[in-house]
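Here's the structure we're looking at; comments come further down.
In the numbering used here, the protein residues as written are 7 to 112.
Structure below.
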């Protein structure tokens, strides 16, 4: 059951979720307040990072002890397609946001 997986690595899940949502929320709020599209996009990308960290936490201590595929299967919530799509959208949003913020200055 997917909800029982939340009890595994709860601290890591909570850290990455709060990290992404707090920084992303501040970025979105700041970008919308100042009318900066790039800052808003970066904030949205960071929120997606927080969601990704909630669904598939980063666990460094066990990465070397067991295979990556086994660890991913053990702790991940959602399908591989969901995680792949979320990763692509997150990366694209962050890259577009950084380009717009620092190169285009929008």
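Here a beta-carbon is modelled for each residue, glycine too, at the ideal position from N, C-alpha and C.
- Separation of the CB atoms of residue 59 and residue 19 is rounded to 7 Å, and the pair is thereby assigned contact status at 8 Å.
- A check of alpha carbon separations from residue 22 across 64, 50 and 87 identifies 64 as the nearest.
- Taking every protein chain shown into account, the CB of residue 41 has fewer than 16 other CB atoms within 10 angstroms, so this residue is exposed.
- When the beta-carbon positions are compared, residue 26 and residue 50 stay at least 8 Å from each other.
- For residue 10, there is no enclosing alpha helix (DSSP H), since its DSSP letter is neither H nor E.
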